[in-house]
């Protein structure tokens, strides 16, 4: 079987996008549009829950937003002026519908729906304790832990129970919740995953990225701040700070790859940061060549920045197909590198006899870099110099990003020279960590108090990794023992 | 819209059938066959859960067993030698997949799957208390209460927790549960709903009716007794009596209509009881006529008994279609009684000019009796004398049978003469209560200690009806406030 | 794989039912109801074509009428007051949608839709000639030959072309066609397959059987006569006799099995004929026994007739399941005769220790008779005497009935005593041919000019069998060489 | 309803892509890959027919190649070493499966399958004559005319009949046909639509574009020449010239928009031609600005060429979403230009306060140009100067391209200044016709004998337009009168 998405296998992946609307006609339709704009943050499943003042309405589906949430029939049933939605990229084989968010529970206070971008790093430990007390889980999702903590909290009001629950979880979370009393949104104290606030007429909008505000025509107000809890109710918007203040450490990889280039993340234009990265890369590791070629589309802004800084022409040496399927049958042994060509094809007439600077955003396993380079060589490229728009990816992420285990990360296994040899390029260079911070407008990384979470590059994790340490958690808790077929 | 199943609307309905296999190759395939044989006990949904010694495997589907559980692909994934299954007839509009049994939960003791035939008559009251304590329900099913009671029980072993849970529920239940330690089966102390035990080679089989044993080639061992708890594990079969002894009161309607005529229920052949009912009816309310005609197929055995006792010929004056759909579009106003004819058509050549004794098992709303009689008249019947093979159905059932509210029960609204007038028959007679007991081999009903639950005829309910009395239960608890679309 | 329809495999099968409506509001809905009532004549596929005065609208689907033609959405699109429909039972593996009728073609005279019950016995020969002349076939159906003959006829008017086409075909056909000028219906000169005419308000109805008239509330006017061509147009109904007169020979098996018992075929009540058959059988081959048991439902009317004539009690010794699927997975080797039990189960309590007269309508392969008898013996029957309500089926049908090849017909391979031995019954008797004619009200079969087509019993075919004789037809013509997957 | 594909509505569209393989293991899998690479030439439906030496196997489906032709199950059934396939972009509402190619017919010579890129401009006239003679059409496709001409030709051999048929058709066709004797490929005498020949090991490959050869790893041999008929059989490849020689006039729009940039068409790299077009445009209509922004992706190569020639920076001022659905529900009135933003979003941080040269390949209706410009203005662009990489599109195409009628073509309704005003840009310029010819390496257009078909720009059609002239064709012939629902 051939995947037409070879690149997808060789990237880190954001696991989720969230979007919420408070107080708008056709709230569900707005959420569908917002989730469509956030589709790059999670492609496996999507869901929307609305509240019409009396009932909650939910639709969840495997697959993309388009195709599942674009029919009049579905949207009409999602009644109400308050709505939240979620795109999911699954980290495990378990992609059953019951893990698709929004998760919902009927609490003694009424319905409670939740969307979560991030990952609770002590979820297994908490789950084991909850099950011992008699809680019954519906899913294998770490997010469900939050609901059970709310349900079993000793506090009285829903808000107190919610804060009580959040104080017991560790890790990364940007949350949007729907209750009969209003919408709750919260970003973890480190602000690892993004969350922004916008306004559309009289409605409030919450979204993972500003691009989702643009698409629905909303105005960007501000980022939800790390550690901030926002309550939107008929009485308006309130902001609380229930956690002890901490130095924020937002995820640096949002700028490298996760976020869309037309988003503004933590005050920076993603496109301009990526161009600045390309310029840094041109300065750090210049090379004599005929043209700069991006791996489309993830390498394109950095390649434009590299070309402008170096004076080399920017050329589309690789053409990307817009028609992507999951897999094709391998027709026979005679065809090499077929998978890669389904998505990317060498622009042979442009490439032959040329010395190429090839720009990509990162190297994860390296398997597809290898194939791309081989494709360029077969198309007649004379030299291929690879430049990577981030430092080597050496560590797994535990905050809501799908990373292969360390043994699969090429940069965790070999040094740059060995990688160059493996990928079979004439030269290979990565951006330096300080170069990355410079592109973000910092002088350099502050090693004592890093400005960002860069654990995938440095191994410097900003929280405890309780589940990783807790050797006691029995296997049966890691997944429901029921396989629904 | 026309239903081709007009009869179905005018019968009481058993809500469930259960079937379990312990220790057989291809256990899931056996359960599929058993459920197929029990399809008459629930047609809206079905499910099977298996245990392979490590994992539980579940498949649930809306619709019939055939079509959902007959593919090699489905059965092959339901691995293991232990399996339980369930047919569901829904009482409410809420037929979402999450209510389809077996229900499953991951308890601290491991997986726990449950199939339930019956109805917990204090479920709402228990649910309210559990939610207040922090339990989160996945379904609107009364059965889920049992699981949460097990999960939150203060006892240590799973068996003790299970018994503790059952002691807190009221009502009717024939249960089969699957746990990593073995299979648990239990019948409530009154034995309202049936449950039988069989043997197939080295395996044990549990089923709602003996017909399901026949179909898989199993030998009938005995009925599970009222109040008996059976544990089947690698150590063999054990029988416990955890409840205080009570006088059993099995459901009398199983003999009238629910069970298949080829089953043996509480020691009696259903077919022979129904023939005896017909004979009683012929003696109690004889009439001069040309032939005895059953409403097929529910009235057929009683009509044969009536014909043999009376000496009148038994004739198929109404022909039933074997091809049944749910609904058809009404083509126009010119057609009367169309719905009824889709399923039953008068055998005009046989009927014209004849005096007919028409036999049906019961009258619920009376709407279709009315249409059938009109159809016979339009086909030329000279006289129609209706004879009903049970007493008037005057009361709702709270033990797992789908009954309309009392205001819809014809016999709760009018006396027999008024019913005769409404249905437009020349004469109408019901079987007497004592006649029904006689057909079952009793001298008469023992009014001080009735041998059966006959509440639908007499209003004499054998348990408290806590949820009916508890006016405090808030509406929001009766159904999840989330509508999954 | 187990079929739950073992019986279906051991019956001759009518291949089609047809139904037409001229001039009624909601014509498509009426056709859907009519086809539902004729579902027993063909279960594999169904189709409806309507004409709204301008356009033809068609829906075809694999499967039953219910489920495919009962939705408002489908019926609403089938606009117009004129409509025809067809149920199909396929004779070959080729059940692709393009063979599902009504077939449609755009002729120079406009659209032309056709429904056909029967079989053209020189279709292959005609097809070969048409293809040589440049005609391109869309299907492998013999019916399409008629359309191409109309399209290429040298005559000018559509009516003349239609008659020209029919004069060139041999075999059996009851046709209903839809054209912009009106509806055409025709029955072959022998009248092998049935076709009746009815009236509903101002509309005309055409149907394979009277039961379909009953279901839509139409009045039965008369049978379309053998060799009659009916034209229904805005000018009313006209009847033509375009063929040379021949002695009719309608199919005798319609009375034995194909037609529904509540239909009237060629002036006889099917139910009463079958009872008369049972009575003949009781006289021809009486036996001392305890009860008469039908194989349900095909043997039931004959069993009632046998019981009434013999004085033995009629009993439901075998119970038929109403829930039928196609196949189930065989769970293991320990279970014998499983397939048969899915559909029919012995009423053990009734059977044990009894001497049984078992009535079925016919024996085709004998495989399921064998299993039924074994099932009765395992349930404890002391003696089983089988009585068959027709003569031995020894010859294939070429007129629209699905018969196995002769080598599979049990009665073509052995005599009655050998069959008795094979089926393992205590005695076996078939109805005599004259007995069958007597049940139909004839004194006896007129061997010089038989009153019916009884070729399946006698081998006396009423037409030439051109395709059987024409050894020249190349294989490639028997089926399209394109397999559409 | 909002389409996420607003652009698609405002482009001319190639209607088809074709691909054939002769003599390779897994031929169907190769065709699936080739069609995937040609998906941009037709997105509504796809089909593959294979020949295994005995039978033809076909699968057709609405939708993309991926999703329909990537499963092992489908490909395994498409047996054989010879295969042809087709992508279809429908011009009318009629997209029923029976119009999906390959079309297939059983001729007297055996099976015949055909794939066609182009349009027969006298199809209606020929069809009317064929129907009058008795031919029955299965589809509304112009391509089916060719099959009936072959079927009814007076010549004897299949090859002669095929040539006879082609001599009677007018218009544009690149054909690949499958017969039991081998594969036939043919390009019309003008060579309007492209067709290329490649080699993969011992197999021959035919494809609409070279990119499809690249993807399967085949070597590009040469273009099939205008008027050339190629026969590939077990005896090898033969080339015939059955038509009178004509001056070729390949479609010039293939270079502007239809073909993929990584294809080589008529000897020119499409990417390099488009860059040359951009450079011509920069020379013809220079403007002072801050950056060059393409409408992605169709304007990108020309924008790179424009930027390189002008010295202005190339920037991604508009970001294209990779996740495309068909439609979304409009959530309310407050949101303007929503449709356009689902697919393209302004890169606000880059755009604000800037003077932009906006490059697109063509303007058809102008509706989406209007919206894009408005989107850029709302994002803060100071000036927008639109430059179009082709001359004004003023005429419909009758050779297999989906063009709106002339009244919908903006350039047919107004001059450039009026268009500038309508689209609301600061300046607007189109490429000159001679500029386009220069980018293709010609000195200028030869008006006496134009080197290309440029009728969409000039109205100079290279063939008769018989169907347009023939006022006699009755309406009923333009579409089958049967609507299959």
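Residue numbers (this note's numbering), protein chains in the order written: chain Y, 1 to 485; chain H, 486 to 970; chain D, 971 to 1455; chain L, 1456 to 1940.
Just so it is clear, CB atoms sit at the ideal spot from N, CA and C, and this is done for glycine as well.
ask   = Just the Cα atoms here: how many angstroms apart are residue 1912 of chain L and residue 1850 of chain L?
value = The residue you call residue 1912 of chain L lines up with position 457 of the fourth chain. The residue you call residue 1850 of chain L lines up with position 395 of the fourth chain. Distance between the alpha carbons of residue 1912 of chain L and residue 1850 of chain L: 6 Å.
Residue-chain proximity (residue 58 of chain Y, chain L), Cβ-Cβ < 8 Å = As a position in the first chain, residue 58 of chain Y is number 58, starting the count at 1. Not closer than 8 Å to any Cβ of chain L, the Cβ of residue 58 of chain Y fails to qualify, so no.
ask   = Which of the residues in the stretch 1471-1499 of chain L, read from start to end, lie with their CB under 8 Å from any CB of chain D?
value = Listed by position, the residues of the stretch 1471-1499 of chain L near chain D (Cβ gap below 8 Å) amount to none.
Same chain only: Cβ atoms within 6 Å of residue 830 of chain H, ignoring 5 sequence neighbours per side = In the second chain, the residue the question calls residue 830 of chain H occupies position 345. The residues are 804.
inquiry  = On the CB-based measure, 16 or more other CB atoms within 10 Å of its CB, does residue 713 of chain H come out buried or exposed?
reply    = Numbered from its first residue, the second chain carries residue 713 of chain H at position 228. Buried, by the Cβ-count rule.
ask   = Based on Cα-Cα distance, which residue from Y:150, Y:358 and Y:261 lies nearest to residue 41 of chain Y?
value = Numbered from 1 along the first chain, position 41 holds the residue referred to as residue 41 of chain Y. Considering only Y:150, Y:358 and Y:261, the residue with the shortest C-alpha distance to residue 41 of chain Y is Y:261.
ask   = Grouping DSSP H, G and I as helix and E and B as strand, with all else coil, what is residue 1554 of chain L?
value = The residue you call residue 1554 of chain L lines up with position 99 of the fourth chain. Note: residue 1554 of chain L maps to helix in three-state DSSP.
request  = With DSSP as the reference, label residue 921 of chain H as helix, strand or coil.
outcome  = In the second chain, the residue the question calls residue 921 of chain H occupies position 436. Helix.
query = Distance, Cα to Cα, residue 1756 of chain L vs residue 1024 of chain D?
reply = As a position in the fourth chain, residue 1756 of chain L is number 301, starting the count at 1. As a position in the third chain, residue 1024 of chain D is number 54, starting the count at 1. If I take the Cα positions, the gap works out to 50 Å.
message = Need the endpoints of the alpha helix (DSSP H) that residue 2022 of chain L sits in, please.
response = The question about residue 2022 of chain L has no answer here: the residues shown for chain L are numbered 1456 through 1940.
request  = Could you tell me whether the stretch 1275-1290 of chain D touches the stretch 1251-1262 of chain D, using the rule of 3 or more Cβ pairs below 8 Å?
outcome  = Here the stretch 1275-1290 of chain D makes contact with the stretch 1251-1262 of chain D; the two share three or more CB pairs at distances below 8 Å.
query = Considering only C-alpha positions, which residue in the set H:927, H:596, H:666 and H:861 is nearest to residue 911 of chain H?
reply = Taking the second chain and counting its residues from 1, the one referred to as residue 911 of chain H is at position 426. Comparing Cα-Cα distances from residue 911 of chain H to each of H:927, H:596, H:666 and H:861, the minimum goes to H:861.
request  = Using a threshold of 8 Å, state whether the C-beta atoms of residue 1196 of chain D and residue 1157 of chain D are closer than that.
outcome  = Your numbering for residue 1196 of chain D matches position 226 in the third chain. Your numbering for residue 1157 of chain D matches position 187 in the third chain. With a cutoff of 8 Å on beta-carbon distance, residue 1196 of chain D and residue 1157 of chain D are scored as near each other.
query = Between the beta-carbon of residue 988 of chain D and the beta-carbon of residue 1147 of chain D, is there less than 8 Å?
reply = The residue given as residue 988 of chain D occupies position 18 in the third chain. The residue given as residue 1147 of chain D occupies position 177 in the third chain. A distance of 8 Å or more separates the beta carbons of residue 988 of chain D and residue 1147 of chain D.
Cutoff 7 Å; reference residue 449 of chain Y; Cβ partners in own chain excluding five residues on either side = Within the first chain, numbered from 1, the residue matching residue 449 of chain Y stands at position 449. The residues 247, in chain order, have a CB closer than 7 Å to that of residue 449 of chain Y in the same chain once the five nearest residues on each side in sequence are set aside.
task = Specify the secondary structure class of residue 764 of chain H as computed by DSSP and reduced to three states.
result = In the second chain, the residue the question calls residue 764 of chain H occupies position 279. Looking at residue 764 of chain H - three-state DSSP - the assignment turns out to be helix.
ask   = Would a C-beta distance cut-off of 8 Å place residue 1581 of chain L and residue 1648 of chain L closer than the cut-off?
value = The sequence position of residue 1581 of chain L within the fourth chain is 126, counting from 1. The sequence position of residue 1648 of chain L within the fourth chain is 193, counting from 1. Contact flag unset, no.
task = Give the straight-line distance between the Cα atoms of residue 1884 of chain L and residue 1871 of chain L, rounded to the nearest whole angstrom.
result = Taking the fourth chain and counting its residues from 1, one reaches residue 1884 of chain L at position 429. Taking the fourth chain and counting its residues from 1, one reaches residue 1871 of chain L at position 416. Cα to Cα, the separation comes out at about 7 Å.
request  = Specify the secondary structure class of residue 403 of chain Y as computed by DSSP and reduced to three states.
outcome  = Residue mapping note: residue 403 of chain Y aligns to position 403 of the first chain, counting from 1. The answer is coil: DSSP assigns residue 403 of chain Y none of H, G, I, E or B.
ask   = So what does DSSP say about residue 20 of chain Y, is it helix, strand or coil?
value = The residue you call residue 20 of chain Y lines up with position 20 of the first chain. Correct three-state label for residue 20 of chain Y: strand.
query = Is the Cβ of residue 1144 of chain D closer than 8 Å to any Cβ of chain H?
reply = Taking the third chain and counting its residues from 1, one reaches residue 1144 of chain D at position 174. So no, residue 1144 of chain D is outside the interface.
message = Mapping the DSSP letters down to three states, classify residue 915 of chain H as helix, strand or coil.
response = Taking the second chain and counting its residues from 1, the one referred to as residue 915 of chain H is at position 430. Strand, per DSSP.
key: Under 8 Å between C-beta atoms of residue 541 of chain Y and residue 89 of chain Y   = With chain Y represented from 1 up to 485, any question about residue 541 of chain Y goes unanswered, as that position is not in the structure.
request  = Drop a sphere of 10 angstroms on the beta-carbon of residue 755 of chain H, count the other beta-carbons inside from all chains shown, and report buried for 16 or more, exposed for fewer.
outcome  = For the purposes of this step, residue 755 of chain H is taken as residue 270 along the second chain, with counting starting at 1. Result: buried.
query = Identify the residues that DSSP records as bridge partners of residue 1513 of chain L: which are they?
reply = Taking the fourth chain and counting its residues from 1, one reaches residue 1513 of chain L at position 58. Paired residue(s): D:1454 and L:1504.
message = From the DSSP secondary-structure annotation, give me the bridge partner or partners of residue 179 of chain Y.
response = Within the first chain, residue 179 of chain Y is the residue found at index 179, counting from 1. Residue pairing for residue 179 of chain Y: DSSP places it in a beta bridge opposite Y:182.
task = Please classify residue 444 of chain Y: is it buried, with 16 or more other beta-carbons within 10 angstroms of its beta-carbon, or exposed?
result = On the first chain, position 444 is the one that residue 444 of chain Y refers to. With fewer than 16 other Cβ atoms inside 10 Å of its own Cβ, residue 444 of chain Y counts as exposed.
key: Neighbouring residues, chain L, relative to residue 269 of chain Y (Cβ below 9 Å)   = On the first chain, residue 269 of chain Y is found 269 positions in, with the first residue counted as 1. The contacting residues are 1802, 1803, 1804 and 1805.
query = Fully enclosed by the stretch 690-743 of chain H, which beta strand (DSSP E) runs are 3 residues long or longer?
reply = Complete beta strand (DSSP E) runs here, min 3: 704-708, 714-718 and 721-725.
ask   = At what residues does the alpha helix (DSSP H) containing residue 614 of chain H begin and finish?
value = Mapped onto the second chain, residue 614 of chain H falls at position 129. From DSSP, the alpha helix (DSSP H) with residue 614 of chain H extends over 608-618.
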